[in-house]
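Numbering (this note's numbering), first residue to last: 236 to 625. Backbone N, C-alpha and C define an ideal beta-carbon position, used for all residues, glycine too. Please read these numbers as outputs of a predicted model, since none were measured by experiment.
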Amino acid sequence: HRAVAALLGKVNTAGKLETWGNSSLARGPFRDSPKLGASVHSTQTTAVGTADTSTSDSFLFSPATVPRSMISLQPPWTTVFHGERVNLTCSGFHFYAPEKIKWYRWYSGKQHPSETPGNTLEVRDSGQYGCQAPGSLPSRPVRLLFSTASFILQAPHSVFEGDELVLRCRKRGREKLTAVRYLWNRKVISDSNKSLDLLISQARLNNSGCYQCVGSLENKHVLRTSLTNIRIQELFSRPKLKVTDSQPTEGNSVNLSCKTQLPLERPDVRLRFVFFRDHGVILSNWSASPELQVTAIWREDSGSYWCGAVTSDIHKRSLPLQIDVQRIPVSGVFLETQPQGDPVLEGEILVLVCSVAEGTGNTTFSWHREDTRESLGQKSQRSQRAELEI
236 HRAVAALLGK VNTAGKLETW GNSSLARGPF RDSPKLGASV HSTQTTAVGT
286 ADTSTSDSFL FSPATVPRSM ISLQPPWTTV FHGERVNLTC SGFHFYAPEK
336 IKWYRWYSGK QHPSETPGNT LEVRDSGQYG CQAPGSLPSR PVRLLFSTAS
386 FILQAPHSVF EGDELVLRCR KRGREKLTAV RYLWNRKVIS DSNKSLDLLI
436 SQARLNNSGC YQCVGSLENK HVLRTSLTNI RIQELFSRPK LKVTDSQPTE
486 GNSVNLSCKT QLPLERPDVR LRFVFFRDHG VILSNWSASP ELQVTAIWRE
536 DSGSYWCGAV TSDIHKRSLP LQIDVQRIPV SGVFLETQPQ GDPVLEGEIL
586 VLVCSVAEGT GNTTFSWHRE DTRESLGQKS QRSQRAELEI
């Protein structure tokens with residue numbers, strides 16, 4: 236008797252990508268609207284940083300990128316009273332004490348360089364200052380104001396999202412303030428007679444804006460500072476998910492990359508990454524690696540993918556990326572017998588081998604006798620070859 240094999244392509248409902256972890260992680264850290272950090276008032280989780288924050292000076296997540304020199308201030312304010320002094324410290328990530336630091340001051344539209352044997356510089360004049368430590372890129376300029384006003388609002392030079400932000404009202408002279416009020420975009424966000432400071436424990440990007448301090452004296456006289464524009468700096472950019480092939484063929488490997496940027500001033504930030512598929516399927520544990528390899532992807536793995544990047548208190552997720560896995564139809568059906576050639580005697584074992592030249596995914600193999608409609612057997616498996624023993 237002769238046997239004929241019939242083949243049917245069938246979409247698999249099992250064999251999904253290996254997943255692990257708690258699916259609640261897909262929902263928890265990544266909400267569309269970031270939570271405001273703890274602060275004096277829920278609308279005022281402010282942030283500081285009047286420095287330029289252009290993304291052209293950021294770098295793709297890579298430890299090999301040259302970092303930027305950073306200037307720190309002591310006291311930490313960019314506005315102080317005339318006659319006071321500010322100590323600038325230049326920090327480089329490969330700085331050694333005996334090395335010289337290049338300092339720059341800008342006035343009259345020109346840059347005036349100088350060098351110091353250490354990494355500190357005492358200044359008493361208003362202007363823009365910059366530095367460059369050996370092995371690092373030049374710092375962003377810091378604008379200092381030695382004010383002759385009697386009432387000032389003090390803010391730090393630079394604060395990144397997630398950092399603590401402190402603003403301070405100061406009055407020159409003996410007469411003390413009895414109360415201070417802080418305004419953000421002309422809205423009152425703090426009113427206190429106990430503290431002259433405004434503390435925001437974790438600054439967020441939406442805390443950028445225009446700030447002003449209003450102080451009350453014992454004689455009921457009211458003082459107002461000038462308006463101060465404050466902009467928080469982004470700690471890292473929104474991740475972008477990239478894939479080696481958005482329309483891969485079944486069975487092939489696919490590499491996913493979660494791309495983000497760190498500012499050159501903060502190359503020491505430790506990011507962790509995670510990858511998801513739609514409906515909160517977790518494809519990886521939290522990891523320091525922004526890469527994920529799917530060794531074999533199948534038709535049922537088609538869907539929307541996204542990734543997340545986090546620090547200890549900043550969470551960001553990428554936009555979704557659609558991956559459509561392509562299936563190769565079954566073709567080139569071939570039947571052979573084992574043993575081959577010689578007639579099979581009654582009572583001996585006959586193996587019918589059904590194979591296909593092409594075809595991916597789960598395939599259903601069925602064997603039939605030519606002279607009847609009787610089915611000899613059926614197997615469904617992710618393979619291009621199946622055997623039936625008679």
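Anticipated Cβ contact below 8 Å, residue i with residue j, distance rounded
i    : j    : result
I563 : T479 : 19 Å between Cβ atoms; not a contact.
A324 : W338 : For the record, residue 324 in the displayed sequence is Thr; it is not Ala. The Cβ separation is near 11 Å, so there is no contact.
V560 : R534 : 5 Å
K551 : P474 : 6 Å
D432 : L402 : 7 Å
L400 : S304 : Rounded, the Cβ-Cβ distance is 23 Å, inconsistent with contact.
I641 : S537 : Outside the displayed range of the chain (236 to 625) lies residue 641, so it cannot be described from this structure.
L587 : Y540 : Not really, about 41 Å apart at Cβ, beyond 8 Å.
L556 : S481 : 7 Å
R416 : V449 : 4 Å
P369 : G327 : 6 Å
I200 : R439 : Outside the displayed span of the chain (236 to 625) sits residue 200, for which this structure offers no information.
S566 : V591 : 7 Å
I532 : V489 : 5 Å
L470 : Q447 : Wrong, their Cβ atoms sit about 26 Å apart, outside the cutoff.
T383 : H456 : The Cβ separation is near 19 Å, so there is no contact.
G365 : S374 : 5 Å
T599 : Q613 : 7 Å
I625 : L570 : Wrong, their Cβ atoms sit about 13 Å apart, outside the cutoff.
S443 : T413 : Rounded, the Cβ-Cβ distance is 30 Å, inconsistent with contact.
Per-residue burial, residue i [other beta carbons within 10 Å of its own, 16 or more giving buried]
i    : result
I189 : The structure shown does not extend to residue 189, since the chain is modelled only from 236 to 625, so the question has no answer here.
H392 : buried
R421 : exposed
V423 : exposed
K411 : exposed
C445 : exposed
K335 : exposed
T495 : buried
D398 : buried
L388 : buried
A621 : buried
T460 : buried
R604 : exposed
S519 : buried
G543 : buried
I435 : buried
E583 : exposed
L491 : buried
N322 : exposed
T454 : It should be pointed out that residue 454 corresponds to Asn in this sequence rather than to Thr. N454 comes out exposed.
S425 : buried
N428 : exposed
Identity of the residues DSSP links to residue i by a beta bridge
i    : result
I517 : F511
N490 : Q528
T351 : I336
A621 : C589
V401 : L434
E357 : N322
E571 : V588
R303 : L372
W312 : P391
I424 : None, per the DSSP bridge assignment.
I558 : G538
W533 : Looking at the DSSP assignment, W533 forms no beta bridge with any residue, so it has no partner.
S481 : Answer is none; S481 lacks a bridge partner.
S566 : E593
L476 : C493
Span of the beta strand (DSSP E), counted from its first residue to its last, around residue i
i    : result
Q528 : 526–529
H456 : First-last for H456: undefined, no H or E at that position.
H550 : 550–552
W602 : 598–604
L434 : 432–435
F386 : 386–389
L412 : 412–419
Q616 : 610–616
F381 : 377–382
A523 : Looking at the DSSP string, A523 is not in any beta strand (DSSP E), and its letter there is neither H nor E.
G362 : 362–367
N464 : 463–465
| said: Contact between the segment 481–496 and the segment 589–597 is defined here as three or more beta-carbon pairs at a separation below 8 Å; is this criterion met? | reply: Yes, the segment 481–496 is in contact with the segment 589–597.
| Within the chosen definition, does the segment 379–391 reach the segment 302–319 through at least 3 CB pairs nearer than 8 Å? | Judged by Cβ distances under 8 Å, the segment 379–391 makes contact with the segment 302–319, as three or more pairs qualify.
| Are the segment 504–511 and the segment 522–531 touching, with three or more C-beta to C-beta distances below 8 Å? | Note that the segment 504–511 touches the segment 522–531; at least 3 beta-carbon pairs, one per stretch, sit closer than 8 Å.
| query | Using 8 Å as the Cβ pair cut-off and three pairs as the minimum, do the segment 492–503 and the segment 603–623 touch? | reply | The segment 492–503 is not in contact with the segment 603–623.
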